[in-house]
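Sequence lines, in order, name chains A and B. Start counting the first sequence at 986; every next residue gets the next number (my numbering). Start counting the second sequence at 16; every next residue gets the next number (my numbering).
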Amino acid sequence: MLAQQLLNGVVVGSVYGLFALGFTLLFGVNHIMNMAHGAVFMWGAFAGLFAATMLDLPFIAALAIGALAGGLLSVLLDWVAFRPLRKRKAPEFSAIVSSIGANLILLSLAQQMTATRVMRFPFDTFPIRIYEVFGLRVQLLQLVIIGIVILMVVGLVWYLQRTSAGRQIRTVAYSESTSRLLGINPFSVNFQVFFLSGALAGVAGVLIGLVFNSVHFMMGEPLLLRAFVVIILGGLGSIPGALVAGLLIGIVQVLTVSYLSAGLADVVVFSLLFLVLLARPTGLFGSVHGGAARVARQ
Amino acid sequence: MSSLAGYEPLFELALLNMVLAFSQYIPLRAGVFSLGSAAFAAVGAYAAAILATRYGVPPVVCVVIAVVAGGIFGALAAVPLARLRGVFQALATLALVQIVLSTALNWTALTDGALGINSIPKAVHLTEAAIAVVFVGYVLHVIGLSAIGRGFDIIREDETVAVSLGYSVRKHHMIAFVLSGAIAGLGGAMHAFSSYSITPNEFGFHMVVMLLAMVVLGGRVSVFGPVVGAIILTGLPELLRGFQDYRSVVQGALLMASITFLPSGVVDTTRGWLRRRALTRGQAGADAAEVTS
């Protein structure tokens, strides 16, 4: 029973990690808290769903379309909501407010479009196969999800660490003025970062939509709130931190739901955030530099 | 007057929103990144509603207790929150809202869960709401003119300068949280006594966004900022009655447009413009006087 719940927690947690990764990437590079990241996730799930229902495309194509839609929406968000503020060198606060506004618009449009219905993926989008491994019931979907998350994380790390474009992104994250001196085009870097961040959210959206078999306009909100906890625990801007903390939160949540009560899950998860902030204001894995955290100066 | 009487509930709502907007305004003025007013309002509203419906406490006493409860809750929350800065503070206060919301939903013995608390006596009308707005507005105006208000302004503009001038950032953040908690407690309690019933979901993310929008749109420095913001955002849905479905779209667009094009809000931008105009006029007058003499 415990092992089974742990497995479920790892599956959900790895998707949380994927979602939080895009969120933390934006913060690490651009110092933006994108409060509309949950809406990007939701629209990614919608795009995947439409690909599967209306165009009758297979699972992999639906996933790719979800990623593409999430990425493009995220870039659009940058142009409309963040770039005007960046030009003016507005404080962090402005980006939060602006993306809350964008979030409201994206949610409301989705609600209008779907008439507040809960939608489902068609039955044959993904074959249901269940294996018995050491007494554990393992679904094929769960294995595929873990595989996809590992693949995407390895791909992202490779892109950031080993390619020229990744080096440019890391330079901008380290210091934007230095990157300008080196002749790096901030336009292209921002495009890549926002696209990657949105694509990760889009994939996470399609996966979560499949796991819980429900796609609706509010599906991004609980995930966004979880992502706050994940990135604080993992340290803002830290990629390994986001993954470890994502897994941790997934497991804590599943265990709370199965052993205590479903209603308590939120209280436990958010109290965890509070406790961590009390003990370590920059998060468990965060450093003062990495998260650009301004710890209290007394 | 008879045509205006139909709008009485709307005016009452606008006034109550002003009180809550004041609670969001105080931390933002002090450079505190708090989104926690909804949590404090929930504490005040539930304290007042429970006392009034179960123990028959008179409304005035309930409101006073709600203010104290909100203030104490604000002070307790400030102990960890005043150590944080920027986005960390924003996220932690959002977590606080979520914790209070979940508690209100799940502690059914105390709060009746998702059903909320019903048949609260109607004790707040237009007059009481107006008195509360004037009282809170006046108190905040006086605080704004005092040394504490100067501390708030300096900390908001530049924390390093504030520290170098000997202002304790932590102390001022604490004050801002306590004031925000107490005012939200008042606003929450008055909301409970005005609307007959309260449910946990009223104090969720929607309220956070609404209050933030009011203060951002109105302005963060002048006391009139939240007042104007509350009037605009309470009146707007009425004007847009025909577009009921797209209300959130308009609200979101307004939030984005105001932070992008009018970053210091309607009131503060107007005041700045008036002041500059007065200065240039004064300068022109002085020049003219020099020429003639």
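Built from N, CA and C at the ideal position, the CB exists for glycine as well.
Secondary structure of residue i, DSSP reduced to three states
{"i": "Arg1114 of chain A", "result": "coil"}
{"i": "Met271 of chain B", "result": "helix"}
{"i": "Arg226 of chain B", "result": "The displayed chain sequence assigns Leu, not Arg, to residue 226 of chain B. Leu226 of chain B falls in the helix class under three-state DSSP."}
{"i": "Val112 of chain B", "result": "helix"}
{"i": "Ile247 of chain B", "result": "helix"}
{"i": "Met1104 of chain A", "result": "strand"}
{"i": "Ile213 of chain B", "result": "strand"}
{"i": "Val1229 of chain A", "result": "helix"}
{"i": "Ala1005 of chain A", "result": "helix"}
{"i": "Val1280 of chain A", "result": "Residue confidence is low: Val1280 of chain A scores 29 on pLDDT, short of 50, so the model does not pin down where it sits. Its coordinate-derived value is still stated next. If DSSP states are grouped into helix, strand and coil, Val1280 of chain A belongs with coil."}
{"i": "Val178 of chain B", "result": "helix"}
{"i": "Val1142 of chain A", "result": "helix"}
{"i": "Ile1017 of chain A", "result": "coil"}
{"i": "Ile132 of chain B", "result": "strand"}
{"i": "Arg291 of chain B", "result": "helix"}
{"i": "Val1200 of chain A", "result": "strand"}
{"i": "Tyr22 of chain B", "result": "coil"}
{"i": "Gly1051 of chain A", "result": "helix"}
{"i": "Val1134 of chain A", "result": "helix"}
{"i": "Phe1012 of chain A", "result": "helix"}
{"i": "Gly1220 of chain A", "result": "coil"}
{"i": "Gly85 of chain B", "result": "helix"}
Closest by C-alpha distance to residue i, when choosing among the options
{"i": "Phe1004 of chain A", "options": "A:Val1014, A:Ala1021, A:Ala988 and A:Gln989", "result": "A:Ala1021"}
{"i": "Pro74 of chain B", "options": "B:His140, B:Asp173 and B:Glu253", "result": "B:His140"}
{"i": "Val995 of chain A", "options": "A:Ala1049, A:Leu1263, A:Val1118 and A:Gln1238", "result": "A:Gln1238"}
{"i": "Ala245 of chain B", "options": "B:Val94, B:Ala53 and B:Val230", "result": "B:Val230"}
{"i": "Phe1008 of chain A", "options": "A:Glu1161, A:Pro1171 and A:Val1025", "result": "A:Val1025"}
{"i": "Gly131 of chain B", "options": "B:Thr118, B:Gln104, B:Ala138 and B:Glu143", "result": "B:Thr118"}
{"i": "Leu1208 of chain A", "options": "B:Met33, B:Gln39 and B:Gln113", "result": "B:Gln113"}
{"i": "Ile169 of chain B", "options": "B:Pro24, B:Leu43, B:Gly267 and B:Arg296", "result": "B:Leu43"}
{"i": "Leu1006 of chain A", "options": "A:Phe1111, A:Ala1054, A:Val1215 and A:Ile1017", "result": "A:Val1215"}
{"i": "Gly309 of chain B", "options": "B:Ala138, B:Ser49 and B:Leu294", "result": "Outside the shown range of chain B (16 to 308) lies residue 309 of chain B, about which nothing can therefore be said."}
{"i": "Leu270 of chain B", "options": "B:Pro95, B:Glu174 and B:Val224", "result": "B:Val224"}
{"i": "Met222 of chain B", "options": "B:Ser237, B:Leu160, B:Ala199 and B:Gly233", "result": "B:Ala199"}
{"i": "Val83 of chain B", "options": "B:Ala56, B:Val282, B:Ala268 and B:Arg98", "result": "B:Ala56"}
{"i": "Ser38 of chain B", "options": "B:Val148, B:Ala63, B:Ser161 and B:Ala124", "result": "B:Val148"}
{"i": "Ala162 of chain B", "options": "B:Met33, B:Tyr182, B:Glu27 and B:Gly152", "result": "B:Tyr182"}
{"i": "Val238 of chain B", "options": "B:Thr175, B:Arg292, B:Tyr153 and B:Ala299", "result": "B:Tyr153"}
{"i": "Phe1176 of chain A", "options": "A:Ala1095, A:Leu1260, A:Gly1055 and A:Gln1097", "result": "A:Gly1055"}
{"i": "Gln266 of chain B", "options": "B:Thr284, B:Leu232 and B:Asn216", "result": "B:Leu232"}
Per-residue burial, residue i [other beta carbons within 10 Å of its own, 16 or more giving buried]
{"i": "Ile942 of chain A", "result": "For residue 942 of chain A there is no data in the structure shown, the boundaries of chain A being 986 and 1283."}
{"i": "Leu91 of chain B", "result": "exposed"}
{"i": "Met986 of chain A", "result": "exposed"}
{"i": "Ser1164 of chain A", "result": "buried"}
{"i": "His1274 of chain A", "result": "With a pLDDT of only 42 at His1274 of chain A, under the threshold of 50, the placement of this residue in the model should not be trusted; the figure read from the coordinates follows. Looking at its Cβ environment, which holds fewer than 16 other Cβ atoms inside 10 Å, His1274 of chain A is exposed."}
{"i": "Glu172 of chain B", "result": "exposed"}
{"i": "Arg1114 of chain A", "result": "exposed"}
{"i": "Gln1127 of chain A", "result": "buried"}
{"i": "Gln259 of chain B", "result": "exposed"}
{"i": "Ser999 of chain A", "result": "buried"}
{"i": "Asn121 of chain B", "result": "buried"}
{"i": "Ser263 of chain B", "result": "buried"}
{"i": "Phe1044 of chain A", "result": "buried"}
Bounding residues of the alpha helix (DSSP H) (the contiguous stretch that carries residue i)
{"i": "Arg100 of chain B", "result": "Where Arg100 of chain B is concerned, there is no enclosing alpha helix (DSSP H), given that its DSSP letter is neither H nor E."}
{"i": "Asp1251 of chain A", "result": "Leu1249 to Ala1264"}
{"i": "Trp122 of chain B", "result": "Unbroken run through Trp122 of chain B: none, as it is neither H nor E."}
{"i": "Asp260 of chain B", "result": "Per DSSP, Asp260 of chain B belongs to no alpha helix (DSSP H) and is neither H nor E."}
{"i": "Ile1169 of chain A", "result": "Note, Ile1169 of chain A: premise wrong, no alpha helix (DSSP H); not H, not E."}
Beta-carbon gap between residue i and residue j smaller than 8 Å
{"i": "Ala204 of chain B", "j": "Gly51 of chain B", "result": "no"}
{"i": "Gly1194 of chain A", "j": "Leu1034 of chain A", "result": "yes"}
{"i": "Leu31 of chain B", "j": "Ala144 of chain B", "result": "yes"}
{"i": "Val1060 of chain A", "j": "Gly1183 of chain A", "result": "yes"}
{"i": "Ala1032 of chain A", "j": "Gly1187 of chain A", "result": "yes"}
{"i": "Gly89 of chain B", "j": "Val193 of chain B", "result": "yes"}
{"i": "Leu106 of chain B", "j": "Phe1213 of chain A", "result": "yes"}
{"i": "Phe208 of chain B", "j": "Ile158 of chain B", "result": "no"}
{"i": "Ala191 of chain B", "j": "Val184 of chain B", "result": "no"}
{"i": "Ala1030 of chain A", "j": "Gly1190 of chain A", "result": "yes"}
{"i": "Ala62 of chain B", "j": "Met189 of chain B", "result": "no"}
{"i": "His187 of chain B", "j": "Gly219 of chain B", "result": "no"}
{"i": "Ser1246 of chain A", "j": "Val1103 of chain A", "result": "no"}
{"i": "Val282 of chain B", "j": "Leu201 of chain B", "result": "no"}
{"i": "Leu1181 of chain A", "j": "Leu1010 of chain A", "result": "yes"}
{"i": "Val1157 of chain A", "j": "Val1014 of chain A", "result": "yes"}
{"i": "Ile1234 of chain A", "j": "Leu1262 of chain A", "result": "no"}
Limits of the beta strand (DSSP E) - the one that residue i falls within
{"i": "Arg1122 of chain A", "result": "Leu1121 to Gln1124"}
Listed by chain order, chain C residues near residue i by CB distance under 9 Å
{"i": "Gln266 of chain B", "result": "Among the protein chains in the structure shown, which are A and B, there is no chain C."}
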